[in-house]
Amino acid sequence: MYNKNMFEKNIEKLSNIKLKERLKSIPITDCTNDIAFVQTLNGNIVFLKGEIPTEDTIDPIGYAKSLVTSDMKNFSNNDIIASVGFGVGYIIDELYNSTKAKIVIYEPDSKYLRFIFETVDLTQFLSDKRVFISDNMDDCIDFIINNYLNDDKLEFAISRVLSIFYKDDIESFTANLYSKLKNKIVDINTIKTLSKIWVNNVINFINLDKKFYTLEDFKWKYGDKNALILGAGPSLKDNIESIKNNRNKFVIFAVNKALKILEENDIIPDFAVFADARYVKQTYNISEEFTSKLNIIVDWKAEAAISEFKSNSTIVYFSDNELFIKKYAPELKLQLHPAEQTTTIIALMSANYMDFEKIYLCGVDLAFKENQPYCNDNKIEIQNSATIIDKAQKHIIEVPSITGGMVQTREDYSVFIKSFEAIIKTKGLKNLYNITDFGAYIEGMNYTTFDNINIYGSKPDVNEYIKSIEPANINLKSCLDKEKEILININNNILGHSPINLILKKIIENSALLNEYLQLELMEYTRNADSPEAKDEFLSKCILAIDKLLAIIY
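Each residue of the sequence shown is one higher than the one before, starting from 4 at the first, in our numbering.
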C-alpha cells in the first residue's frame, strides 16, 4: 500500500515549506513499525497505531458525517473548523465536501503524518488554500489567528478515538489557541473602535501646532534615582499617607483616575500619563489649576484635547503602531517607542527609558479588593461572573494573588498581567517593585511595602530640567501636507481610473493616513474580494474616507 509516487504528488502540492522539508527528511521505514491496516465490516480501511484504531471501526465514514453539525454546514468561507489528529482522512474529506469553512488539521505525530502522505491522496486538500495541515501546533494556531476576525465562527471536529491518542496535545492546542484569540479579539476591537479616531487625533494634534518635548529629551536622565508609578487601584488609597510622607524621594508618574485622588490630597506628580483616544474631558474631573502644574506624557494617538490642557509641559510618546508616524519617523529622525495597551505600561516604559535605578508601583493591583475595582469607595455587584465598570459590562475571573490564593479581577486585566510579565522578561527588569498586599501575582515582579523601602537623598527637580531644554523642532505639518497631496492624487487620478489591485497598492504603499483609516475595510475586502459587491462597496467607503480626511486636514 506504500506509494512513493503518492508521497511525491502530495509533497508537490504542499505549500507549507517548513512542513515539506520536515516530511522529506523522514524515511518511510521509520514510520511503519507500529502501523497496521484493518478493514471494517462495510469495507472501509482503518489504520491502527499499535493496536489502537485511528478511526471508528464500525462505520468511519458515517462517524465522520456525524461530526459535521448542521451549523458547520452553514459556515461561510471565513469561518474555521479545527481538528486534532488525521486518522485515515475521513473527517477532513467530510469537512471539505460538506462545508465552505477553512479547515485546520493538527497532526502531532510527524512520523504518522509522513505515513499519511505516502498512502493517502491529499492533493485535492493541499491544492486548496482553505485547508491547512501541519504537525506543528504553533503553525496551526498562527493560521487560525491570521484568518480570524471577531464575527467569524470557530468550531472543533475531533474524533473520540483520536481524543484518546492526543489528550495532552488537544488540551495544549485549545489552551494556546484561545489565549492568542483573546489578544487577537482585543486587537480587532481596537481597529474597529479606534483606527479612525486615531487618524482624527493625529491630524488634530498636528493642526494644534503646539510646542512639545519627546521622550528622547529624558533618555538615561535619572540613572541613580527612583520612580513611583501610581495607578488607580485600591492600594493607592491604602497608601496615600505613605505617598505624602515619601513624596520627595520619588519622581512620580500618575495615570488614570489616580490623578483625581492625588489632586484631592495635594500631591502633584512629576508626570501625568495619558493615552485616551476619546472622552478625555468626561473621564478626568481635574481642575485647570492642577493640570497647569503637570508635565503631561501623552501617547501620539491620544485625543488632542489632552494636549489642549493647560500644563507645565507636553511630552509626546511616539508609539510605533500608528502608520503616519511610522512612515515619516526616518525623515523626522524620530525615535518610536513600543505601543502599549495601558497608560500604566506606557508610564513603566517611559520610566525605564529614563533609566531610573528602581521603579515602584502602587495602585497597580490588577485585582479587586472586597469588590472595589478602584481607589474610591465605590463597590461593584457581581452577578453570573459579570459586572458593570465604567458603564461597560466586564467579565469577572479569578487569577493568582500575591497572597498565595486567588483574587477576582476583570478578564481583560489578565491580558495586562501577561503584558507586564512579558516586559519584565524581555527588558530584564530586576528592580521593579509593586506595593500591594492583595493584588494579582505578576511573575518576575518584586513585592514590598513603604515601610520596607530605604531611599536616601531626594528626587531631582524635573521642572527645572525641562526649563533648561528647548522644545522639539519637528516639522509634522510638512508631512501632513504631503499626505494631503497624496490623498488628492488618489482621489483625482487613481479612483475610478485604475484596477482594484492598483488602488489597494496605492493606498497601502502611499497613504499612511488612508491606510490607517481604512484598516477594517481593507481586511474585509481582502476576505470578501470574490464577492461581486465587494469592490463597489470598498470604493464607496474609500471615497467617503478621503472626503472626511481632507475636511479634517483643511
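The C-beta atom is built at its ideal place from N, Cα and C for all residues, glycine as well.
Everything numeric in this text was worked out from a predicted model, so none of it was measured.
Taking one C-beta from the region 22-34 and one from the region 108-116 each time, how about it: are there three or more such pairs within less than 8 Å? With the rule of 3 Cβ pairs closer than 8 Å, the region 22-34 counts as touching the region 108-116.
Would you list, in sequence order, the uninterrupted beta strand (DSSP E) runs of no fewer than 3 residues that lie entirely inside the region 88-115? Counting only unbroken stretches of 3 or more residues, the beta strand (DSSP E) elements lying wholly within the region 88-115 are 105-109, in sequence order.
Do you know how far the Cα of D241 is from the Cα of D171? Answer to the nearest angstrom: the Cα atoms are 44 Å apart.
Thinking just about the alpha-carbon of each residue, which of I510, N8, K361 is nearest to the one in C1? The question about residue 1 has no answer, for the chain in this structure spans 4 to 557.
Coarse secondary structure for E401, derived from DSSP in three states: E401: strand per DSSP, three-state reduction.
Please classify K21: does DSSP put it in a helix, a strand, or coil? If DSSP states are grouped into helix, strand and coil, K21 belongs with the helices.
Where the beta strand (DSSP E) containing S137 begins and where it ends: 134-137 is the span of the beta strand (DSSP E), which, as asked, contains S137.
Ignore the nearest five residues each way along the sequence and tell me which others in I119's own chain have a CB closer than 6 Å to its CB. Excluding sequence neighbours, I119 sits near F89.
D138 to L22 span [Cα, whole Å]: Spanning the two alpha carbons is a distance of roughly 7 Å.
Simplified DSSP assignment, three categories, for A235: Three-state DSSP puts A235 in coil, outside helix and strand.
Among residues of its own chain, excluding the 5 on either side of N13, which ones have a beta-carbon nearer than 7 Å to its beta-carbon? Leaving aside the five residues that flank N13 on each side, the residues in its chain whose CB is nearer than 7 Å to its CB run, in chain order, F120, L125, T126, L129.
For the alpha helix (DSSP H) that I491 lies in, which residues bound it at each end? I491: member of the alpha helix (DSSP H) spanning 479-492, first to last residue.
Given 8 Å as the limit, is there contact between the region 364-372 and the region 308-322, that is, 3 or more CB pairs closer than that? Counting Cβ pairs under 8 Å, fewer than three are found: no touch.
Which whole-angstrom value is the C-beta distance of S404 and Y450, which I expect to be below 8 Å? About 11 Å; that fails the 8 Å criterion.
Distance check for R25 and I48, CA to CA, integer angstroms please. Cα-Cα distance, rounded: 27 Å.
Cα-Cα separation, K329 to H398: A straight-line Cα-Cα distance of about 35 Å links K329 and H398.
From L233 to K252, what does the alpha carbon distance come to, in whole angstroms? Going from the Cα of L233 to the Cα of K252 covers about 14 Å.
Taking C-alpha atoms, which residue in A39, I108, I420, T390 lies nearest to V402? Among A39, I108, I420, T390, the Cα nearest to that of V402 is on I420.
Looking at I385 and S375, is the spacing between their C-beta atoms short of 9 Å? Sequence check: residue 375 is Gln here, not Ser. Not a contact, by the Cβ cut-off of 9 Å.
Exposure of K462, with buried meaning 16 or more beta-carbon neighbours within 10 Å: By the Cβ neighbour-count rule, K462 is buried, with 16 or more other Cβ atoms within 10 Å of its own.
Do you know whose CA, among N466, Y320, F423, lies nearest K296's CA? Per the Cα distances, N466.
List the whole-angstrom C-beta distance separating E267 from V283, where the pair is believed to meet the contact cut-off of C-beta under 8 Å. Contact flag wrong, Cβ pair sits at about 19 Å.
Considering Cα atoms alone, identify which of D279, N19, G447 is closest to C143. Among D279, N19, G447, the Cα nearest to that of C143 is on N19.
Where does K260 land, buried or exposed, given buried means 16+ other C-beta within 10 angstroms? Counting other Cβ atoms within 10 Å of its Cβ, K260 reaches 16 or more and is therefore classed as buried.
The beta strand (DSSP E) spanning T452 covers which residue range? That residue, T452, is in no beta strand (DSSP E); it is neither H nor E in DSSP.
Straight-line CA distance for N204 to A515? In a straight line, the C-alpha of N204 is about 14 Å away from that of A515.
Residues sharing a beta bridge with Y331, DSSP: None; Y331 has no bridge partner.
Starting from the C-beta of N80, find all residues in its chain whose C-beta is less than 6 Å away, skip the five residues before and the five after it, and write them out in chain order. The residues are K103.
From the DSSP output, in three-state form, read off E527 for me. Three-state DSSP puts E527 in a helix.
Which two residues bound the contiguous alpha helix (DSSP H) that contains Q285? Segment 283-286, the alpha helix (DSSP H) holding Q285.
Residue span of the alpha helix (DSSP H) that contains C545, given as start and end: Residues 537-556.
Are I106 and I95 closer than 9 Å when you measure CB to CB? Yes. Within cutoff.
Collapsed DSSP secondary structure at V202 in the structure displayed: Helix, per DSSP.
For D59, which option in N8, I167, E15 has the closest C-alpha, if you only look at C-alpha atoms? Nearest C-alpha to D59: I167.
Same chain only: Cβ atoms within 8 Å of P63, ignoring 5 sequence neighbours per side: A distance below 8 Å between beta-carbons, with the five flanking residues on each side excluded, links P63 to the following residues of its chain, in chain order: T43, N47, V49, G90, V91, Y93.
Please tell me whether Y109 and F10 are closer than 9 Å, where the distance is taken between their beta carbons. Not in contact: Y109 and F10 (Cβ atoms no closer than 9 Å).
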